Amino acid sequence: MDPRQELYAALVEQLKNIPEVKHVDLWNENVVYADQDEPWQRPAVFIELGAIDWTTIQGALRGNGDIKLHTVIDWSENAPIEAWQLTDKIWQALEGIRSKSFDGYYPKQTLSNGSHEELYENIDVFRVKYLKSWSTAR
2 MDPRQELYAA LVEQLKNIPE VKHVDLWNEN VVYADQDEPW QRPAVFIELG AIDWTTIQGA
62 LRGNGDIKLH TVIDWSENAP IEAWQLTDKI WQALEGIRSK SFDGYYPKQT LSNGSHEELY
122 ENIDVFRVKY LKSWSTAR
């Protein structure tokens, strides 16, 4: 199995266990086209899998990459605080997830984006270390 697939499945499983999170999906510029896409419930978390830099080590591939979790809620006066409280729960839920194909999952950067009219977006960037056996990498 591709390590990204395994990571994505693990993230979805954990995120769906957070009662406040109403929708989980793969990131596809969802916020930009929110008024044109099929409606999705909020709060929502979208998972963006970034580039991976691979290195060959002893018959395997070791990769370092970033993922972004886009937490999106409806705009309100308290939206930033609500988003920060929710992302704190997300961080707690995801703490320590790992498998044979990924580990070293840790926070790298946090951004806030209130420029989406009726939505507020918090973006957490995490660094992930991947491992892929050489036999599956060929």
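Quick note: the sequence shown uses my numbering, first residue 2, plus one each step.
The beta-carbon is built from N, C-alpha and C at its ideal position, and this holds for glycine as well.
If you're wondering where the values come from, they're calculated on a predicted model, not measured in any experiment.
(1) Is it buried or exposed for E122, if we count other Cβ within 10 angstroms and need 16 for buried?
(2) Are Q15 and A94 close, meaning C-beta to C-beta below 8 angstroms?
(3) What residue ranges within the region 45–122 form continuous alpha helix (DSSP H) runs of no fewer than 4 residues, ordered along the chain?
(4) Check whether the region 68–86 touches the region 43–55, counting contact only when three or more Cβ pairs, one atom from each stretch, lie closer than 8 angstroms.
(5) Assign R5 to one of two classes, buried (16 or more other C-beta atoms within 10 Å of its C-beta) or exposed (fewer than that).
(6) Would the beta-carbon of V73 fall within 8 angstroms of that of G105?
(7) Buried or exposed: where does K109 fall if 16 or more other Cβ atoms within 10 Å of its Cβ makes it buried?
(8) Just how far apart, CA to CA, sit G60 and A11?
(9) DSSP state of R43, grouped into three classes?
(10) When we look at the beta-carbon of G64 and count the other beta-carbons within 10 Å, is it buried (16 or more) or exposed?
Looking at the atomic coordinates:
(1) Position 121 of the sequence shown, counted from the start, is the residue given in the question as residue 122. Counting other Cβ atoms within 10 Å of its Cβ, E122 reaches 16 or more and is therefore classed as buried.
(2) In the sequence shown, counting from the first residue as 1, residue 15 sits at position 14. In the sequence shown, counting from the first residue as 1, residue 94 sits at position 93. Yes, the Cβ-Cβ distance between Q15 and A94 is below 8 angstroms.
(3) Listed in chain order, they are 80–95.
(4) By the C-beta criterion, the region 68–86 is judged to be in contact with the region 43–55, since at least 3 inter-stretch pairs fall below 8 angstroms.
(5) Here residue 5 refers to the residue found at position 4 of the sequence shown. Residue burial annotation: R5 is buried, with at least 16 other C-beta atoms found within 10 angstroms of its C-beta.
(6) Counting from 1 along the sequence shown, the entry for residue 73 is found at position 72. Counting from 1 along the sequence shown, the entry for residue 105 is found at position 104. Not in contact: V73 and G105 (Cβ atoms no closer than 8 angstroms).
(7) Here residue 109 refers to the residue found at position 108 of the sequence shown. Exposed, since its Cβ has fewer than 16 Cβ neighbours within 10 Å.
(8) Numbered from its first residue, the sequence shown carries residue 60 at position 59. Numbered from its first residue, the sequence shown carries residue 11 at position 10. Taking the straight line joining both Cα atoms gives about 25 angstroms.
(9) Counting from one through the sequence shown, the residue named residue 43 turns up at place 42. The answer is coil: DSSP assigns R43 none of H, G, I, E or B.
(10) To locate residue 64, count along the sequence shown from 1; it is residue 63. Burial call: buried.
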